[in-house]
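Engineer:
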Amino acid sequence: MGRKKKKISNDPLDIVYEADKIAPLEYEPYIQSAKGCENSFCTGPYFHMLVDMAMRKVIHVSPSIQHVLGYSPIEWTNASLSHIFTKYHPDTLATQHSLYRTLVEFFENISVRSRPKYIFSYNIRIRHRNNQYVHLLLHNRCIKYDSSGRPRLIFITCFDMTHYSTRNEQILTICKMTANATKKVYSATFFSEYERGILTRKEVEIWNYIQKGLTGKEIAETLNISVHTVNTHRKKIYKKLRMVGLQG
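Under the working numbering, the final residue of the sequence shown carries the number 1612; numbering is consecutive throughout.
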């Protein structure tokens, strides 16, 4: 029997933030600080966002969003995160819940005092105003925590990487900042085919190598399994993907 298909959450933030009472927050100092970063260090197509995780809304977005996604800052300012999730590619939405769960579990295992030392990044595909999908890399830094140590305000820099990647997976990277450097401490990859219950973890692993163009022999050597096993998995993978319309 195959894996039971998971229900895809339309609001991945359900796993992140639940608060009975949300303290009021004066946004203006943080918005002014965000504006000061807008032209300071980035090149290429990008934009900044400031997000209130407790209120689940965007409180500031830089004008350069129009060059990247075609929307004006007014259209996104005060937009709910649930509304923004409706613009995500279905594959991104399928993996986002597991990515957020992984983030929550990681930060729950470190002290509240240490949390500001960590930053994280991940990629998404999101619909442009012209209905084409854009591939973004999101660098996230929490600049305000609540009294329980949960993220309140997150400053996000969104880089357009559409011309550099067409891959399907979502990659999460967590780094720790020190006085002299930033060190990667954790990385995880999420596949929509697994999150949707279409393929097993092993099949996703093999499918990933197939998409990279590796031969059956190369995959077998990489995974330390037989070529026969690879070919058997390959047949099952194509059959499963055809059944859900992901392969011709």
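Ideal Cβ placement from N, Cα and C applies to all residues, glycine included.
Let me check understanding here. Comparing Cα to Cα, which of 1589, 1516, 1526 and 1588 lies closest to residue 1390?
Structural biologist: For the purposes of this step, residue 1390 is taken as the residue at position 26 of the sequence shown. Ranking the options by Cα distance to residue 1390, first place goes to 1516.
Engineer: Just grab the DSSP bridge partners of residue 1483 for me.
Structural biologist: Within the sequence shown, numbered from 1, the residue matching residue 1483 stands at position 119. Paired residues: 1539.
Engineer: Can you find the residues in the same chain that come closer than 7 Å, C-beta to C-beta, to residue 1470, ignoring five residues on each side of it along the sequence?
Structural biologist: Taking the sequence shown and counting its residues from 1, the one referred to as residue 1470 is at position 106. Same-chain partners within the cutoff: 1538 and 1550.
Engineer: Does the Cβ of residue 1567 have 16 or more other Cβ atoms within 10 Å, making it buried, or fewer, making it exposed?
Structural biologist: If you number the sequence shown from 1, residue 1567 lands on position 203. The residue is buried, with at least 16 neighbouring Cβ atoms inside 10 Å.
Engineer: What is the residue span of the beta strand (DSSP E) that residue 1425 lies within?
Structural biologist: On the sequence shown, residue 1425 is found 61 positions in, with the first residue counted as 1. Element bounds for residue 1425: 1421 to 1425.
Engineer: Have a look at 1523, 1427 and 1589 and flag the residue whose alpha-carbon is nearest the alpha-carbon of residue 1487.
Structural biologist: Looking up residue 1487 in the sequence shown gives position 123. Out of 1523, 1427 and 1589, 1523 has the C-alpha closest to the C-alpha of residue 1487.
Engineer: Please classify residue 1585 as buried or exposed, where buried requires at least 16 other C-beta atoms within 10 Å of its C-beta.
Structural biologist: One-based indexing of the sequence shown puts residue 1585 at position 221. Residue 1585 is exposed by the Cβ-count criterion.
Engineer: Consult DSSP for residue 1496 and reduce its assignment to one of helix, strand or coil.
Structural biologist: Position 132 of the sequence shown, counting from 1, holds the residue named residue 1496. In the structure shown, residue 1496 sits in coil (DSSP, three-state: anything other than H, G, I, E or B).
Engineer: Using a 10 Å radius around the Cβ and a threshold of 16 neighbouring Cβ atoms, would you call residue 1460 buried or exposed?
Structural biologist: Sequence index remark: in the sequence shown, residue 1460 carries index 96 (1-based). Buried is the call here.
Engineer: Just list the residues that DSSP pairs residue 1518 with in beta bridges.
Structural biologist: Within the sequence shown, numbered from 1, the residue matching residue 1518 stands at position 154. In the DSSP output, where bridge partners are listed per residue, residue 1518 has 1415 and 1506.
Engineer: Can you tell me whether residue 1496 is buried or exposed, with buried defined as 16 or more other CB within 10 angstroms of its CB?
Structural biologist: On the sequence shown, position 132 is the one that residue 1496 refers to. Classification for residue 1496: exposed.
Engineer: Can you tell me whether residue 1575 is buried or exposed? The criterion is at least 16 other CB atoms within 10 Å of its CB, across all chains shown.
Structural biologist: By one-based count along the sequence shown, residue 1575 stands at place 211. Residue 1575 is exposed by the Cβ-count criterion.
Engineer: Specify the secondary structure class of residue 1560 as computed by DSSP and reduced to three states.
Structural biologist: Here residue 1560 refers to the residue found at position 196 when the sequence shown is read from its first residue. If DSSP states are grouped into helix, strand and coil, residue 1560 belongs with coil.
Engineer: Measure from the alpha carbon of residue 1502 to the alpha carbon of each residue in 1548, 1582, 1509 and 1534, then state which is nearest.
Structural biologist: Taking the sequence shown and counting its residues from 1, one reaches residue 1502 at position 138. Ranking the options by Cα distance to residue 1502, first place goes to 1534.
Engineer: In whole angstroms, what is the alpha-carbon distance linking residue 1431 and residue 1411?
Structural biologist: Within the sequence shown, numbered from 1, the residue matching residue 1431 stands at position 67. Within the sequence shown, numbered from 1, the residue matching residue 1411 stands at position 47. Straight-line Cα distance between these residues: approximately 9 Å.
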